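To keep things clear, I will list the structure first and then write my remarks on it.
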Amino acid sequence: MFIGLCGTICAGKHTVAKFLVEEYGFKVVRLVAPTSTPLPRKEGNDIINTPTTTTTVVSHFPENDDPSFSSVDELLDYVTPRWQERWVTTEIWSEDALEALLKRPFFMLVSVDAPVIVRWQRYIDKCKTFNSPPPTLEAFITKADTHMFDPTTGLIPLFVRATLHLLNSSNSINTFRENLKSIDLVDETRFRPTWDAYFMKLANLAAQRSNCMKRRVGCVLVREKRVISTGYNGTPRGLRNCNEGGCSRCNSGSTGGSSLSTCLCLHAEENALLEAGRERIGKGSILYCDTCPCLTCSVKIAQVGISEVVYSQAYSMDNRTADVLSEGGVKLRQFSPPREGVVLLAEQ
Numbered sequence: 016m017f018i019g020l021c022g023t024i025c026a027g028k029h030t031v032a033k034f035l036v037e038e039y040g041f042k043v044v045r046l047v048a049p050t051s052t053p054l055p056r057k058e059g060n061d062i063i064n065t066p067t068t069t070t071t072v073v074s075h076f077p078e079n080d081d082p083s084f085s086s087v088d089e090l091l092d093y094v095t096p097r098w099q100e101r102w103v104t105t106e107i108w109s110e111d112a113l114e115a116l117l118k119r120p121f122f123m124l125v126s127v128d129a130p131v132i133v134r135w136q137r138y139i140d141k142c143k144t145f146n147s148p149p150p151t152l153e154a155f156i157t158k159a160d161t162h163m164f165d166p167t168t169g170l171i172p173l174f175v176r177a178t179l180h181l182l183n184s185s186n187s188i189n190t191f192r193e194n195l196k197s198i199d200l201v202d203e204t205r206f207r208p209t210w211d212a213y214f215m216k217l218a219n220l221a222a223q224r225s226n227c228m229k230r231r232v233g234c235v236l237v238r239e240k241r242v243i244s245t246g247y248n249g250t251p252r253g254l255r256n257c258n259e260g261g262c263s264r265c266n267s268g269s270t271g272g273s274s275l276s277t278c279l280c281l282h283a284e285e286n287a288l289l290e291a292g293r294e295r296i297g298k299g300s301i302l303y304c305d306t307c308p309c310l311t312c313s314v315k316i317a318q319v320g321i322s323e324v325v326y327s328q329a330y331s332m333d334n335r336t337a338d339v340l341s342e343g344g345v346k347l348r349q350f351s352p353p354r355e356g357v358v359l360l361a362e363q
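Read left to right, the sequence shown gives residues 16 to 363 (the numbering used here).
Structure, rendered in structure tokens:
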């Protein structure tokens, strides 16, 4: 397992790295590269206007024997045979380096950010530690913007590609660490999805093809871990698409679950079932849907002999659907993946 951390100035990426080292036994690896160090240092009078350029990485940990490499290839040559151990780095300097890292199935990039006022105050506190004059807010923002958005050295191209974006607005390190524990950064499924996560991602992707004006829904029908068919909701073949006015019910803004008898849109589950056909479904088939099936679809699901339905989002008819599927001998369960995207780590 290898976690890379990138972040805005004083957002807390080194605190996250230290947490991983102390809580989960991660080992730090370093990628040496010329860079303008954005944090306050003991030398220099003006930490904002005269950043120190160095070819070594400033250590944020007490250890002095962390493996250090001059290129990402050397780093990967070292880490790859040891991928079952836990590694962390805060030094990823370019898109080329990130591309090389992302090719490895044991690597994940995590970004760390915080409100600018919070980061400015943290920066001032560091200045006090180093007996350096604190910057004005404007000067700090200028420095922070250069750090992120400089067309040559800015980190924004890396930042936006992170799997997980941590927003650290906490004023307490202890609270921050407790929040980090709660999201389980070391969950193995973040690196290689389970079958549930894999098929649910396919259902989510299918939903992007939906033309229904009410909601996007995607579905994947699976047997023995192989995809039989996919489906998404929208008007039938040959009819005008719902998003082009093909279904008057969906385009009228009717409330969920009402006027269904006038709806021309086929549901994602219906499309998947029609595509597969009764003879291809058979015993042991599992239906993955990003939204819990409605009552009408649940009746059809029970009829064709599907063994299990896995969904992620709730729907207004969940209880009635559960009753129908239960009576029809179909297992129903909700899938809850590990948190991704933006995660707010604030005061509790």
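Just so you know, even glycine gets a beta-carbon here, dropped at the ideal spot from N, CA and C. Bear in mind the structure is a predicted one, so any value in this text is a computation, not a measurement.
Smallest Cα separation from Pro208: which of Ala287, Ser300 and Ser351? Mapped onto the sequence shown, residue 208 falls at position 193. Here the closest residue by C-alpha is Ser351.
Comparing C-alpha positions only, which one of Ile156, Cys227, Asn219 and Glu106 sits nearest to Leu170? Counting from 1 along the sequence shown, the entry for residue 170 is found at position 155. Ranking the options by Cα distance to Leu170, first place goes to Glu106.
I'd like the list of long-range same chain contacts for Ser85, defined as Cβ closer than 6 Å, with 5 residues on each side in sequence excluded. For this step, residue 85 is matched to residue 70 along the sequence shown. Correct list, in chain order: Val47.
Taking the continuous alpha helix (DSSP H) assigned at Thr30, which residues delimit it? Along the sequence shown, read from residue 1 onward, the residue named residue 30 stands at position 15. Where Thr30 is concerned, the enclosing alpha helix (DSSP H) stretches over Lys28 to Tyr39.
Ile171: first and last residue of the uninterrupted alpha helix (DSSP H) it sits in: In the sequence shown, the residue the question calls residue 171 occupies position 156. Note, Ile171: alpha helix (DSSP H), Ile171 to Phe174.
C-alpha distance - Trp135 paired with Ala159, whole-angstrom precision: What you label residue 135 is simply residue 120 of the sequence shown in a count that begins at 1. What you label residue 159 is simply residue 144 of the sequence shown in a count that begins at 1. Going from the Cα of Trp135 to the Cα of Ala159 covers about 9 Å.
DSSP three-state label for Asp165, please. Counting from 1 along the sequence shown, the entry for residue 165 is found at position 150. It is coil, neither helix nor strand.
C-alpha distance - Tyr4 paired with Ser225, whole-angstrom precision: No answer is possible for residue 4: the residues shown for the chain start at 16 and end at 363.
6 Å Cβ shell around Asn258 - same chain, five flanking residues per side excluded: As a working note, residue 258 is residue 243 in the sequence shown. If we look at Asn258 and ignore the five residues flanking it on each side, its Cβ neighbours are Asn226 and Met228.
Roughly how many angstroms separate the alpha carbons of Arg45 and Phe164, rounded to a whole number? Start at 1 with the first residue of the sequence shown, and residue 45 comes out as number 30. Start at 1 with the first residue of the sequence shown, and residue 164 comes out as number 149. Within the model, the alpha-carbon separation for Arg45 versus Phe164 is close to 23 Å.
Considering Cα atoms alone, identify which of Cys265, Ala177 and Arg241 is closest to Arg295. If you number the sequence shown from 1, residue 295 lands on position 280. Closest option to Arg295, judged by alpha-carbon separation, among Cys265, Ala177 and Arg241: Arg241.
According to DSSP, is Ile321 helix, strand or coil? Position 306 of the sequence shown, counted from the start, is the residue given in the question as residue 321. In the structure shown, Ile321 sits in coil (DSSP, three-state: anything other than H, G, I, E or B).
Check whether the region 180 to 194 touches the region 140 to 160, taking contact to mean three or more Cβ pairs, one atom from each stretch, closer than 8 Å. Because the criterion of three Cβ pairs below 8 Å is not met, the region 180 to 194 and the region 140 to 160 do not touch.
Let me confirm a value: Tyr326 is counted as buried when at least 16 other C-beta atoms fall within 10 Å, else exposed. Which label applies? Residue numbering aside, residue 326 sits at position 311 when the sequence shown is read from its first letter. With 16 or more neighbouring CB atoms inside 10 Å of its own CB, Tyr326 falls in the buried class.
On the DSSP bridge assignment, give the partners of Gln328 in chain order. For this step, residue 328 is matched to residue 313 along the sequence shown. Answer is Thr306, bridged to Gln328.
At least three beta-carbon pairs within less than 8 Å, the region 136 to 154 to the region 89 to 103: Under the three-pair Cβ rule at 8 Å, the region 136 to 154 does not count as touching the region 89 to 103.
Let me check understanding here. Comparing Cα to Cα, which of Phe206, Gly297, Leu220 and Asn219 lies closest to Val125? What you label residue 125 is simply residue 110 of the sequence shown in a count that begins at 1. Among Phe206, Gly297, Leu220 and Asn219, the Cα nearest to that of Val125 is on Phe206.
Mind checking Gly19: buried by the 16 CB within 10 Å criterion, or exposed? Against the sequence shown, residue 19 aligns to sequence position 4. Label assigned to Gly19: buried.
Using DSSP with H/G/I as helix, E/B as strand and the rest coil, what is Met16? Walking along the sequence shown from the start, residue 16 turns up at place 1. Coil.
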